[in-house]
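Before any comments, here is the structure.
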Amino acid sequence: MSKAVKVQKKFGMAEVALIFSIAILVIVVAVPVIMIFLTAFFKDGHFNLAGVIEVLRQKDTYLALKNSLIIAFGVTLFSTIIGVFFAWLLARTDIPCKKALNAMFMVPFMLPSFICAMAWKVLLSPRSGYINKMLMSMFNLSSAPIDIMTMGGIIAIETMYLFPFVFLQVSGALERMDPTLEESARISGASLWTITRKITLPLVMPSIVAGALLVCLYSLAHFGVPSILGVEKGIYNIPTKIYERIYASGGSYEAIRVGTILATILVICATLILKLQNVVLKKGRFQIIAGKSMRPVVLKLRGLRWPLFIICVVYLLLTVVLPTVTIFLIGGLKTYGLPFLPKNMTFENYAEVFQMKMTRSAIWNSVYLSTLTAFVTMLAGVMISYVIVKMKVKGKFILEFLGVLPYSLPGTVIALGCILTWSGKFGINLYNTAGIIFVAYIARYMAFSIKSNSAALEQVSDSLEEASRSCGATHWQTLTHIVIPLIRPGMINAFFLIFLPALRELTTSVLLYGPTTRTIGVAIYALNEDGETVRAAALAGIALIIIFIGETFIKGLLAKLDKTKRSA
């Protein structure tokens, strides 16, 4: 065998695909993250530990870290309690309208939390909150009874919109759980509380912990709610402190360097959380699924059936309906502060949103950036997933690690890394352009594409590709005519998994936008910060309509694809 043939065998299509996939992830993910650490720990080419310690010892850094930890702990605790309670209620009891309630409990997860924070600020701010003014008038109070602009308020609002992480994990585990142990305990005379405490909860504990740690990870990195409810009162967490440091200095390099030091705190916290999650899931893999015929016994609530149903409805009214209606009502006011009476309402604000150059540009930027990001990331994710799932090459673990890494990093960290990487450092300057937001979105949402496409590829039998190749088809023909048509539903799912979060994104783009590259989230935030509450609410209402249309279209399309797949 000639040397050329040996080289060709040693360096075939699999190796080329692997190298190309690694190159994409290194450029988009690894380099920005490395740049953060280099900027944080090195100054003028020298290791600068003293500078890092100096920033960490500052009082406002300590307070921001303290606030981040308190908020994350509170949100995690209450999200876990609420998520486990509602998951148990819907999965293991005979509560009415289960299907509708299940769907409704996922709505808070789809709503942009910073928009809902705006609504709650309008309702419960101490000076001009509508509910506070109503209560003061009804009970002749001299001061507002409720202040949402506190640590407790931030924890409450984040909890409302992050608990679905726990709800999803736990409800899935409860529905699949083998009921044998619970039935045995019930036959032995154990009470419902004893069964739940000693059998049910321990069996689903890995799912509870996994959901709780995801909530903690998101809460630590959360920018929207603390910025809307906390900054005005001097309550900063790490992401809002990074934003404040950079924009107070006009985006100076020294401020960015301080931001990278603060960002390393978030990276360390995220790493510890993910490590803890892996440890818990590895040690806690209890066998809760038996045969296919096993179905958990549904508990009859009897007299508690309708009272508990009312609790679910009231919770959904408070977390979904009230803030959504408030946003649309505020957006329709002639002037902020007027009562919600027909004579004070107008549609002009919604018309003005489309007439304002800044808001028109923001809507267009969000739509085309999210569409382009979803399309490019979907295609890149297919290739990377194919290498991970189907190709037998060494070094695949690098792809898996780099692909999932941005999912565990806060958007603030990704944004800072992109600023440092794509601002002329390597001869490419994307700063203040839509390009830098596009690259950041690809890094941020690559994990969504890889996870969705990998799951689809796992279902495609290797025998189909082998049969195609044995009939003389090339690797490319096999991919285009067999593999891709079979995984098309997974690809479409990946597209929309990226499109919708990117459409309403704020945490990453708030650090990257330029004068002409505001996104919807940034435009709403900027209008609200400038005191244009009515216009901000009008734009937020339009954003909610776009998101609702997108969600409805996705569900319809995926249902149609699933039906087609089953009939085939």
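Quick note on the working numbering: the sequence shown kicks off at 1 and runs consecutively.
For each residue, glycine too, the CB sits at the ideal point set by N, CA and C.
On a CA-only basis, which of V33, L464 and F375 is nearest F496? Give me that one, please.
By one-based count along the sequence shown, residue 496 stands at place 496. Closest in C-alpha terms to F496, from the list V33, L464 and F375, comes F375.
Sequence ranges, beta strand (DSSP E) only - wholly within the region 78-146, length at least 3:
Taking only runs of at least 3 residues, no beta strand (DSSP E) segment lies wholly in the region 78-146.
Could you give the first and the last residue of the continuous alpha helix (DSSP H) run that contains A210?
The count along the sequence shown starts at 1 and reaches residue 210 at position 210. A210: member of the alpha helix (DSSP H) spanning M205 to L220, first to last residue.
Give a yes or no on whether the C-beta atoms belonging to V215 and L162 are separated by under 9 Å.
As a position in the sequence shown, residue 215 is number 215, starting the count at 1. As a position in the sequence shown, residue 162 is number 162, starting the count at 1. A distance below 9 Å separates the beta carbons of V215 and L162.
For M149, which of helix, strand or coil comes out of DSSP?
As a first step, residue 149 is located in the sequence shown; it is residue number 149 there, counting from the start. Residue state, collapsed to three classes: coil.
For A467, count neighbouring Cβ atoms within 10 angstroms of its own Cβ and tell me buried if that reaches 16, exposed if not.
Your numbering for residue 467 matches position 467 in the sequence shown. By the beta-carbon neighbour count (other beta carbons within 10 angstroms, threshold 16), A467 is exposed.
Among V29, Y218 and S143, which one has its Cα closest to the Cα of C269?
Start at 1 with the first residue of the sequence shown, and residue 269 comes out as number 269. It is Y218.
Contact the region 504-511 vs the region 343-358: 3+ CB pairs below 8 Å
The way I'd put it, the region 504-511 doesn't touch the region 343-358; fewer than three beta-carbon pairs between them come closer than 8 Å.
For L372, three-class secondary structure by DSSP
Working through the sequence shown from its first residue, we reach residue 372 at position 372. Helix.
Alpha carbon of Q287 to alpha carbon of M177, nearest angstrom
Residue mapping note: residue 287 aligns to position 287 of the sequence shown, counting from 1. Residue mapping note: residue 177 aligns to position 177 of the sequence shown, counting from 1. In this prediction, Q287 scores a pLDDT of 47, lower than 50, which makes its location untrustworthy; no coordinate-derived value is stated.
Please report the distance separating the alpha-carbon of G490 from that of V483.
Residue numbering aside, residue 490 sits at position 490 when the sequence shown is read from its first letter. Residue numbering aside, residue 483 sits at position 483 when the sequence shown is read from its first letter. Looking at the two C-alpha atoms, the distance is approximately 11 Å.
Segments assigned alpha helix (DSSP H), at least 4 residues, entirely inside the region 387-411
Counting only unbroken stretches of 4 or more residues, the alpha helix (DSSP H) elements lying wholly within the region 387-411 are 396-408, in sequence order.
Alpha-carbon spacing of A523 relative to T359, whole angstroms
Residue numbering aside, residue 523 sits at position 523 when the sequence shown is read from its first letter. Residue numbering aside, residue 359 sits at position 359 when the sequence shown is read from its first letter. Distance between the alpha carbons of A523 and T359 is about 6 Å.
Do R535 and G521 have their CB atoms nearer than 9 Å?
As a working mapping, residue 535 is identified with position 535 in the sequence shown. As a working mapping, residue 521 is identified with position 521 in the sequence shown. Taking 9 Å as the Cβ cut-off, R535 and G521 do not qualify as a contacting pair.
Buried or exposed: which applies to T485, given that a residue is buried once 16 or more other Cβ atoms fall within 10 Å of its Cβ?
Residue numbering aside, residue 485 sits at position 485 when the sequence shown is read from its first letter. Before going on, a small fix: residue 485 reads as Pro here, not Thr. Result: exposed.
Am I right that I208 and V170 are in contact with their C-beta atoms under 8 Å? What's the rounded C-beta distance?
Your numbering for residue 208 matches position 208 in the sequence shown. Your numbering for residue 170 matches position 170 in the sequence shown. At roughly 6 Å, the Cβ-Cβ gap stays under 8 Å, so I208 and V170 are in contact.
If A212 sits next to T80, beta carbons under 8 Å apart, how far is it from one beta carbon to the other, in whole angstroms?
Within the sequence shown, residue 212 is the residue found at index 212, counting from 1. Within the sequence shown, residue 80 is the residue found at index 80, counting from 1. About 5 Å; that satisfies the 8 Å criterion.
What's the gap between the Cα of E175 and the Cα of T240?
On the sequence shown, position 175 is the one that residue 175 refers to. On the sequence shown, position 240 is the one that residue 240 refers to. Rounded to the nearest angstrom, the two C-alpha atoms are 39 Å apart.
Quick one: residues in its chain with C-beta nearer than 7 Å to the C-beta of V84, no 5 flanking neighbours on either side, listed in chain order?
In the sequence shown, residue 84 corresponds to position 84, counting from 1. Taken in chain order, the residues that qualify are V166, V170 and I208.
Give me, in chain order, the residues of the same chain whose beta-carbon lies closer than 7 Å to that of L399; leave out the 5 immediate sequence neighbours on both sides.
Working through the sequence shown from its first residue, we reach residue 399 at position 399. Excluding sequence neighbours, L399 sits near S21, I22, L25, I384, V387 and I388.
Can you tell me whether A103 is buried or exposed? The criterion is at least 16 other CB atoms within 10 Å of its CB, across all chains shown.
Reading the sequence shown from its first residue, position 103 is the one you call residue 103. By the 10 Å Cβ count, A103 comes out exposed.
Residues near N453 in its chain [Cβ-Cβ closer than 7 Å; skip 5 each side]:
Translated into positions along the sequence shown, residue 453 becomes position 453. Answer for N453: G381, V382, S385, I487, G490, M491 and A494, listed in chain order.
Three-state class that DSSP yields for K43 in the structure shown
On the sequence shown, position 43 is the one that residue 43 refers to. Strand.
Can you look up L304 in the DSSP assignment and give me helix, strand or coil?
Within the sequence shown, residue 304 is the residue found at index 304, counting from 1. Looking at L304 - three-state DSSP - the assignment turns out to be helix.
Using CA coordinates, which residue listed in T478, P202 and Y130 is at the minimum distance from V572?
Limits of the chain in this structure are 1 at one end and 568 at the other, which puts residue 572 out of reach.
For the putative contact between F499 and G427, defined by C-beta atoms under 8 Å, what is the C-beta separation to the nearest angstrom?
Start at 1 with the first residue of the sequence shown, and residue 499 comes out as number 499. Start at 1 with the first residue of the sequence shown, and residue 427 comes out as number 427. Contact flag wrong, Cβ pair sits at about 31 Å.
Chain-order list of residues whose beta-carbon lies under 6 Å from that of M378 (same chain, five-residue window excluded)
Position 378 of the sequence shown, counted from the first residue, corresponds to residue 378. Contacts found: S449, M491, A494 and F495.
How about the region 538-548 and the region 108-126: do they share at least three Cβ pairs that are nearer than 8 Å?
Flag = yes, the region 538-548 and the region 108-126 touch.
Can you pull the DSSP bridge partners for N432?
As a position in the sequence shown, residue 432 is number 432, starting the count at 1. The partner list for N432 (beta bridge, DSSP) is empty, contrary to what the question assumes.
For I228, tell me which candidate among D530, K392 and L430 has the shortest Cα-Cα distance.
Numbered from its first residue, the sequence shown carries residue 228 at position 228. It is D530 whose Cα lies nearest to the Cα of I228.
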